[in-house]
Amino acid sequence: MSSIFQKELSAFFSSLIGYIVIGVFLTIMGLVVWVFPDTSLLNYQYATLNQLFDLAPIVFMLLIPAITMRMFAEEQQSGTFELLVTRPLTDLQIVLGKYLATLVLVLFSLLPTVLYYYTVWELGSPKGNIDSGAVLGSYIGLVFLAAAFSAIGIFASALSQNQIVAFILSVFLCFLIHWGFDFLSRLPVFVGKWDSLVEMLGMEYHYASVSRGLLDTRDLLYFLSIAAFFLAATLIALDKRRW
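Numbered by my numbering, the letters in the sequence shown go through residues 18 to 260 in order.
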């Protein structure tokens, strides 16, 4: 597994892919938090990073599929998939190696945003006037959200030989699971009856809960379950493709 992990990371950083991904993410986050008038922190009357954590799921929904679309689709398109599966590695080790490489790259892109927190801490009046618990909870929520989105992206890449198709499918699945249940819960057939239950099936509900600084094990288990489900689905897809 470590060989696959190192291979994928080196492939990212030996080309422009890794640097472009991190650069695009940080540029978008920087513009939203500091430049755009409607969301700029400098125009707020209190210290907060809500802009960052509200936009991050949308950016992740495009960023992570862009990373994962090549994981298996490129292998199948270039004809190296057969060589990959004949290596002395199990399908689980191959999937986990690619999955962890994706997750580490996403965390690399997220790490520099800690400077935003330090800046807001320094600019606060008095200094440190920011809800650190909510910020920590939001970062933890983003990590678990990235874990779930990465698993979905890996699964989509295993289904198609075309990277564009894998990207579109991954974006669609991420959107559906993140916001789809929230929209579904607002339908008249569910309002007042099953709306709360339907809403709890979506990522948005659990991400918002963690972002408030309340680390409920049910929320964390939800994200881990989503990731485990799609990684298992990836193994099934690879097994069928092998045959």
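Where a beta carbon is used, it is the ideal one built from N, C-alpha and C, also for glycine.
Problem - Same chain, Cβ closer than 7 Å to Glu221, five either side skipped, listed in chain order - result: His195, Trp196, Asp199
Exercise for the section: Would you kindly work out how many angstroms separate the C-alpha atoms of Ile81 and Leu214, rounded to a whole number? Expected result: 28 Å
Exercise for the section: Using 10 angstroms around the beta-carbon of Thr107, count the other beta-carbons present and answer buried if the total reaches 16, otherwise exposed. Expected result: exposed
Exercise for the section: Consult DSSP for Phe207 and reduce its assignment to one of helix, strand or coil. Expected result: coil
Practice task
Express the C-alpha separation of Val206 and Ile39 in angstroms, rounding to a whole number.
Solution key: 42 Å
Exercise for the section: Look at the alpha carbon of Leu26 and the alpha carbon of Ala165, and state the distance between them as a whole number of angstroms. Expected result: Using only the alpha carbons, I get a separation of about 19 Å.
Practice task
Could you spell out the range, first to last residue, of the alpha helix (DSSP H) harbouring Val137?
Solution key: 131-140
Handout entry: Own chain partners of Lys115 with C-beta closer than 7 Å, once the 5 adjacent residues on each side are dropped
Key = Ile21, Glu25, Met88, Ile171
Problem - Own chain, CB closer than 7 Å to Glu273, minus 5 neighbours either side, in chain order - result: Residue numbering for the chain in the displayed model covers 18 to 260; residue 273 lies beyond these limits and cannot be assessed.
Practice task
Could you pull the start and end residues of the alpha helix (DSSP H) that Phe172 belongs to?
Solution key: Per DSSP, the unbroken alpha helix (DSSP H) holding Phe172 starts and ends at 149-176.
Practice task
Return yes when the Cβ of Leu162 is within less than 8 Å of the Cβ of Tyr224, no when it is not.
Solution key: yes
Problem - Beta-carbon contacts of Pro129 that lie in its chain and below 7 Å, excluding the five residues immediately before and after - result: Leu43
Handout entry: Three-state secondary structure (DSSP) of Lys24
Key = helix
Practice task
Count the other CB atoms, across all protein chains shown, that sit within 10 Å of the CB of Leu132; report buried if there are 16 or more and exposed otherwise.
Solution key: Leu132 should be labelled exposed.
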